[in-house]
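K.L.:
Numbering (the working numbering), first residue to last: 72 to 217.
Questions regarding the structure given below will be posed in turn.
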């Protein structure tokens, strides 16, 4: 008799886990687009809310930078080049989401021909807290074309 009840309970728990993961996956994909738009628009206030207090970036120039440096750069008039991000994999481990994939960065000549854009690999790390998902770490490296 107990096994009859165990099957529906197991099914409910499993579907909640699967749908919860799908919801987190969708939210991370949305946030990846959103924070790129914030950079494009120079919205430093919203970026500071989205980034964790200890956010750190290893940028394509090999520099390790923090929000203070990024915001100062933006406030000095720097515009980050447009980036198209292609997510290849999102891995969840409890309250951590690791996003990996490829980026195409618009070069300095501002061409819209994406075949001329600079290819990079990226990893973004998000942590879910009581405030929701926050971007905690980022790494981006240029791919050398052969």
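Even glycine gets a Cβ: it sits at the ideal position worked out from N, Cα and C.
Jot down the residue ranges of each uninterrupted beta strand (DSSP E) in the segment 105-183, minimum 3 residues, whole runs only, in chain order.
P.N.:
If we require 3 residues or more, the beta strand (DSSP E) runs fully inside the segment 105-183 come out as 122-129, 154-164 and 167-176.
K.L.:
At the level of alpha carbons, what is the spacing between residue 125 and residue 198?
P.N.:
On the chain shown, position 54 is the one that residue 125 refers to. On the chain shown, position 127 is the one that residue 198 refers to. Rounded to whole angstroms, residue 125 to residue 198 spans 11 Å at the Cα level.
K.L.:
When DSSP labels each residue in this structure, what does residue 216 get in the three-state scheme?
P.N.:
Here residue 216 corresponds to residue number 145 of the chain shown, with the count starting at 1. Coil at residue 216, not helix or strand.
K.L.:
Using CA atoms only, rank isn't needed, just tell me which of 160, 208, 155 and 115 is closest to residue 188.
P.N.:
Position 117 of the chain shown holds residue 188. For the residues 160, 208, 155 and 115, the minimum Cα distance to residue 188 belongs to 155.
K.L.:
Taking 8 Å as the cut-off, decide whether the C-beta atoms of residue 115 and residue 146 are in contact.
P.N.:
In the chain shown, the residue the question calls residue 115 occupies position 44. In the chain shown, the residue the question calls residue 146 occupies position 75. Yes, the pair counts as a contact, with Cβ atoms nearer than the cut-off.
K.L.:
Compare the Cα-Cα distances from residue 105 to each of 122, 169 and 93 and report the closest residue.
P.N.:
As a first step, residue 105 must be located in the chain shown, where it is residue number 34. Among 122, 169 and 93, the Cα nearest to that of residue 105 belongs to 122.
K.L.:
Which partner residues does residue 206 have in the DSSP bridge list?
P.N.:
What you label residue 206 is simply residue 135 of the chain shown in a count that begins at 1. Residue 206 is bridged to 122 and 197.
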